[in-house]
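Residue 471 is where the sequence shown starts when you use my numbering, and the numbers rise one by one after that.
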Amino acid sequence: MAGICFIAAVAGWWLALVTWSPFDGASRVGQLGAELSREHLLASGGANVGRWSWSAPGGDSRGVRGDVVWDRASQSGYLRFEGLEPNDPARHQYQLWIVDATRDDRYPVDGGVFDVPKSSSPVVVRVRAAVPVREPAAFVVTLEKRGGAVVSGRENVVAVARAGHS
Numbered sequence: 471m472a473g474i475c476f477i478a479a480v481a482g483w484w485l486a487l488v489t490w491s492p493f494d495g496a497s498r499v500g501q502l503g504a505e506l507s508r509e510h511l512l513a514s515g516g517a518n519v520g521r522w523s524w525s526a527p528g529g530d531s532r533g534v535r536g537d538v539v540w541d542r543a544s545q546s547g548y549l550r551f552e553g554l555e556p557n558d559p560a561r562h563q564y565q566l567w568i569v570d571a572t573r574d575d576r577y578p579v580d581g582g583v584f585d586v587p588k589s590s591s592p593v594v595v596r597v598r599a600a601v602p603v604r605e606p607a608a609f610v611v612t613l614e615k616r617g618g619a620v621v622s623g624r625e626n627v628v629a630v631a632r633a634g635h636s
């Protein structure tokens, strides 16, 4: 009986680890948890889950590959990047903006800031929108000052994923 309890405790701990893993660039365990949670969402999310590929602002890839996986029901998802340049978190951070077709596109929804550490590829970032997103039209990543921006001028767009373009 004690063995079964031990196995159940370890399984519960592991499930908590892989389903709650904010991105921590210094932690490979955090990355593994985010990767596994992303795969779980893709496998079990059903019709509420969309998946869109990154492109550079002008439409070419410029070395940035990966995708966005977004669950409309839970209002959360994952960004996956390969080839996104590491940032200096003391000076700049990447910030996600979610363009909602039901809102004024001058004011996209803040998806949070994140860092890309050196020698980390692919990078998987968990995302939770600041406010509900009813109809995602695009996911835009900008490079902003440390801490991010309240409203981005979108001068430094580094990647775009448009809904309906997978």
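Quick reminder that beta carbons are idealized off the backbone N, C-alpha and C, glycines included.
All values derive from a computational prediction rather than experimental measurement.
Taking one beta carbon from each stretch, the stretch 501-509 and the stretch 551-568 have fewer than 3 pairs nearer than 8 Å; the two do not touch. Residue range 498-514 is occupied by the alpha helix (DSSP H) that includes glycine 503, with no beta strand (DSSP E) assigned at that position. Per DSSP, reduced to three states, the secondary structure at alanine 608 is strand. Judged by beta-carbon spacing, valine 539 lies beyond the 8 Å limit of valine 569, meaning their Cβ atoms are not closer than that value. By the neighbour-count criterion, in which a residue is buried when 16 or more other Cβ atoms sit within 10 angstroms of its Cβ, aspartate 585 is buried. The stretch 533-549 makes no contact with the stretch 612-624; the number of CB pairs closer than 8 Å stays below 3. Taking a contact as a CB-CB distance under 8 Å, the pair alanine 504 and arginine 596 counts as one, their CB atoms being some 5 Å apart.
For alanine 629, the pairing in a beta bridge is given by DSSP as Val611. By the neighbour-count criterion, in which 16 or more other beta carbons inside 10 Å mark a residue as buried, tyrosine 577 falls on the exposed side.
According to DSSP, tyrosine 564 shares a beta bridge with Phe584, Leu613. At the C-beta level, alanine 608 and alanine 629 stay beyond 8 Å of one another. Distance check between arginine 498 and each of Leu549, Pro587, Gln563 places Pro587 closest, using alpha-carbon atoms only. Counting the other CB atoms within 10 Å of its CB gives glycine 536 a total of 16 or more, which places it among the buried residues. Apart from sequence neighbours up to five positions away, the residues of its chain that approach glutamate 614 with a beta-carbon distance below 8 Å are His562, Gln563, Tyr564, Gln565, Val583, Ser622, Asn626, ordered along the chain. For valine 538, the enclosing beta strand (DSSP E) has its first and last residue at 535-541. Beyond the five residues adjoining it in sequence on each side, arginine 616 comes within less than 8 Å, by CB distance, of Pro559, Ala560, Arg561, His562, Gln563 in the same chain, given in chain order.
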